[in-house]
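Engineer:
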Amino acid sequence: MIASESTVRVAIVVLSTIGIAIAGYLTVTEFMGEVPVCAAGGGSGCATVANSSYSHLLGIPVSVFGLAGYVGILASALIPGESGRLGGFLLSLVGVGFSGYLTYLELFVIDAICQWCVASAVVMALLLILCVLRLLTPDAIGSRDAMS
Amino acid sequence: MASRKQQKEQAKAERLSQEAEAQTTQRRQNRVRLIAGAFAIAVLAVIVLVVVSQSGDKGGSASDVSGGSEVEESLRGVPQKGFTLGDPKANVAISEFADLQCPACKAFADSELDSVIDALVKPGKAKLVFKNYVILGPDSETAAKAALAASAQNRGWQFVELFYRNQGIEHSGYVTDDFLEAVAKASGVPDLAKWNSDRDRAAWSANLDRVQSEALRLGFDSTPSFNVVGPGGQSEVPSDNSASSIEEAVKAVQ
Chain A
1 MIASESTVRV AIVVLSTIGI AIAGYLTVTE FMGEVPVCAA GGGSGCATVA NSSYSHLLGI
61 PVSVFGLAGY VGILASALIP GESGRLGGFL LSLVGVGFSG YLTYLELFVI DAICQWCVAS
121 AVVMALLLIL CVLRLLTPDA IGSRDAMS
Chain B
149 MASRKQQKEQ AKAERLSQEA EAQTTQRRQN RVRLIAGAFA IAVLAVIVLV VVSQSGDKGG
209 SASDVSGGSE VEESLRGVPQ KGFTLGDPKA NVAISEFADL QCPACKAFAD SELDSVIDAL
269 VKPGKAKLVF KNYVILGPDS ETAAKAALAA SAQNRGWQFV ELFYRNQGIE HSGYVTDDFL
329 EAVAKASGVP DLAKWNSDRD RAAWSANLDR VQSEALRLGF DSTPSFNVVG PGGQSEVPSD
389 NSASSIEEAV KAVQ
């Protein structure tokens with residue numbers, strides 16, 4: 001049985017808040033010139049990833065894009081109706097696609113794993129599942145504002 | 149038999165029912181179109197992000213080797229003989245086992261090396277020895293031999309630091325003669341012709357084999373790895389490879 005839309009929206013709010021915390025931490029450490037605390041990869045994985053040439057896009061830390069994405073998904077969960085559903089779906093799909101690319105880089109190009117990036121990728125994947133569920137809830141399928 | 153009025157009402161009901169059904173179908177089709185549109189936009193956005201990410205400066209460019217003055221500043225006034233940096237009489241030796249193509253080694257060079265040089269090497273508490281531990285294949289071996297040839301002219305550390313600052317993506321084929329020559333030139337190798345012919349010296353292969361054996365004996369299976377030796381014995385550095393961990397290891401063997 002598919003959960004009600006309100007339940008799914010609450011779950012999206014919770015998960016996107018966790019995502020904001022992770023991306024926010026990475027953004028703050030980046031701007032403070034510090035290396036994130038890292039328990040995985042012998043402790044040096046996060047430093048390697050943070051210092052790699054892939055850690056910035058157009059000069060902006062990748063974590064800033066992640067932070068913006070999570071904030072957008074959180075906002076979409078607070079917006080009722082089809083625009084909120086589609087917005088969350090769109091953002092989480094972009095998030096999962098880009099997280100997948102970054103994970104590939106960690107595993108096969110940078111040769112280092114950052115636990116925070118992995119955690120973020122998992123949160124984003126769960127958010128995509130929730131956003132798809134939100135699209136499929138009976139409320140969404142039967143909604144008249146689908147056309148609005 | 150139904151009256152005319154009843155027939156009219158029935159036809160009207162049927163028409164309304166068909167209209168409602170058509171509306172539902174239309175709504176469903178519009179919704180599918182919206183979702184498909186969102187999906188397409190998302191895919192496009194990911195492609196753009198990946199292209200932008202790949203098109204940034206990834207190093208490894210022979211025509212754009214940079215950082216020479218910063219490296220010169222970092223090593224200014226520090227004695228250097230071969231690949232030994234610092235006072236050769238320092239009673240503690242820090243050996244760095246590193247591969248020039250390795251991103252983690254670059255990360256160490258970028259964020260920790262200056263602290264190690266300032267805190268330990270410049271005050272004469274320890275000397276720092278670079279050992280080419282080739283773990284990433286033929287391009288790393290080519291780079292290591294070029295670095296050794298630079299070290300023969302006492303510019304090995306400049307070469308290594310500059311290589312890391314301009315490091316490309318491993319196995320991407322950026323370790324070309326042109327790239328290595330650009331790094332050697334920017335490192336201030338005084339006799340480039342000699343450096344070029346020295347790169348093929350048979351002695352370097354023996355050197356790399358020796359380092360390989362030593363690293364394996366010490367149990368090192370990744371780079372960078374550090375071994376600290378002093379009057380108090382030998383100490384390995386925790387794998388966080390931070391300057392503070394290296395300082396602790398030096399204290400432990402002084």
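Line by line, the protein sequences are chains A and B. Sequential numbering of the first sequence, starting at 1, is according to the working numbering. Sequential numbering of the second sequence, starting at 149, is according to the working numbering. Backbone N, C-alpha and C fix where the C-beta goes; we use that ideal spot for every residue, glycine too. In this text the structure is predicted, and so the values were computed from the model without any measurement.
#1: Distance, Cα to Cα, leucine 133 of chain A vs aspartate 247 of chain B?
#2: Applying the criterion that 16 or more other CB atoms from any shown protein chain within 10 Å of the CB defines a buried residue, is aspartate 212 of chain B buried or exposed?
#3: Would you mind sorting glutamine 155 of chain B into buried or exposed? The rule is 16 or more other CB atoms within 10 Å of its CB.
#4: By a C-beta neighbour count over all protein chains shown, 10 Å radius and 16 as the cutoff for buried, is tyrosine 312 of chain B buried or exposed?
#5: Would you mind working out which of B:Leu261, B:Asn239, B:Thr172 and B:Arg358 sits nearest isoleucine 394 of chain B, comparing C-alpha positions?
#6: Please classify isoleucine 302 of chain B: does DSSP put it in a helix, a strand, or coil?
#7: Which residues in the same chain as serine 92 of chain A place their Cβ atom closer than 7 Å to its Cβ, once the five residues preceding and following it in sequence are excluded?
#8: Any Cβ of chain A within less than 8 Å of the Cβ of glycine 381 of chain B?
#9: Which residue marks the beginning of the beta strand (DSSP E) containing asparagine 375 of chain B, and which one marks its end?
#10: To the nearest angstrom, how far is the alpha carbon of leucine 15 of chain A from that of alanine 241 of chain B?
#11: Whole angstroms is fine: what's the gap from leucine 268 of chain B's alpha carbon to glutamate 396 of chain B's?
#12: Could you check what DSSP says for alanine 39 of chain A in three-state terms: helix, strand or coil?
#13: So if I threshold CB-CB distances at 8 Å, which residues from the stretch 175-192 of chain B count as touching chain A?
#14: Within this structure, are the beta carbons of serine 263 of chain B and alanine 400 of chain B separated by less than 8 Å?
#15: Applying the 10 Å Cβ sphere with the 16-neighbour rule, what's the burial state of phenylalanine 231 of chain B?
#16: What is the rounded straight-line gap between the Cα of glycine 87 of chain A and the Cα of aspartate 258 of chain B?
#17: Please classify leucine 90 of chain A as buried or exposed, where buried requires at least 16 neighbouring CB atoms within 10 angstroms.
#18: Would you mind sorting valine 199 of chain B into buried or exposed? The rule is 16 or more other CB atoms within 10 Å of its CB.
#19: Just verifying my parser: in three-state terms, what is the DSSP assignment at glutamate 384 of chain B?
#20: Please confirm whether glycine 207 of chain B has its beta-carbon closer than 8 Å to some beta-carbon of chain A.
#21: Tell me the rounded alpha-carbon separation between alanine 11 of chain A and threonine 172 of chain B.
#22: For glutamine 108 of chain B, name the three-state secondary structure that DSSP assigns.
#23: Provide the residue span of the beta strand (DSSP E) that contains leucine 268 of chain B, from first to last.
#24: Measuring only between beta-carbons, confirm whether phenylalanine 98 of chain A sits less than 8 Å from chain B.
#25: Using a Cβ cut-off of 9 Å, pull out every chain B residue sitting near alanine 119 of chain A, in sequence order please.
#26: Provide the residue span of the beta strand (DSSP E) that contains phenylalanine 231 of chain B, from first to last.
#27: Is isoleucine 129 of chain A close to chain B, meaning its C-beta is less than 8 Å from at least one C-beta of that chain?
#28: Leaving aside the five residues before and after alanine 121 of chain A along the sequence, list all residues of the same chain whose C-beta is less than 6 Å from its C-beta, in chain order.
#29: Buried or exposed: phenylalanine 187 of chain B, going by 16 or more other Cβ atoms within 10 Å of its Cβ?
#30: How far does the alpha helix (DSSP H) with asparagine 355 of chain B in it reach, from first residue to last?
#31: I need the DSSP call for isoleucine 242 of chain B, collapsed to helix, strand or coil.
#32: For valine 64 of chain A, tell me which candidate among A:Val28, A:Thr7, A:Ile18 and A:Leu105 has the shortest Cα-Cα distance.
#33: Hey, how far is the Cα of alanine 350 of chain B from the Cα of threonine 290 of chain B?
Structural biologist: So, to answer that:
#1: 47 Å
#2: Counting Cβ neighbours within 10 Å, aspartate 212 of chain B comes out exposed, since fewer than 16 surround it.
#3: So glutamine 155 of chain B ends up on the exposed side.
#4: buried
#5: Per the Cα distances, B:Leu261.
#6: The sequence shown places asparagine at residue 302 of chain B, not isoleucine. Looking at asparagine 302 of chain B - three-state DSSP - the assignment turns out to be coil, as it is neither helix nor strand.
#7: The answer, listed in chain order, is Ile73, Met124, Leu127, Leu128 and Cys131.
#8: no
#9: 373-378
#10: 49 Å
#11: Roughly 11 Å separates the two Cα atoms.
#12: DSSP places alanine 39 of chain A in coil when its eight states are reduced to three.
#13: From the stretch 175-192 of chain B, only Arg175, Asn178, Arg179, Leu182, Ile183, Ala186, Phe187, Ile189, Ala190 and Val191 have a Cβ closer than 8 Å to chain A.
#14: At the C-beta level, serine 263 of chain B and alanine 400 of chain B stay beyond 8 Å of one another.
#15: Counting the other CB atoms within 10 Å of its CB gives phenylalanine 231 of chain B a total of 16 or more, which places it among the buried residues.
#16: Cα to Cα, glycine 87 of chain A sits roughly 40 Å from aspartate 258 of chain B.
#17: buried
#18: exposed
#19: strand
#20: yes
#21: Roughly 30 Å between the two C-alpha positions.
#22: Past the boundaries of the shown model lies residue 108 of chain B; chain B is included only from 149 to 402, so the question cannot be answered.
#23: That residue, leucine 268 of chain B, is in no beta strand (DSSP E); it is neither H nor E in DSSP.
#24: yes
#25: By Cβ distance, chain B contributes nothing, its closest Cβ being about 19 Å from alanine 119 of chain A, past 9 Å.
#26: Element bounds for phenylalanine 231 of chain B: n/a, residue is neither H nor E.
#27: no
#28: Ser99 and Thr103
#29: Phenylalanine 187 of chain B comes out exposed.
#30: Where asparagine 355 of chain B is concerned, the enclosing alpha helix (DSSP H) starts and stops at 350-365.
#31: strand
#32: A:Val28
#33: 13 Å
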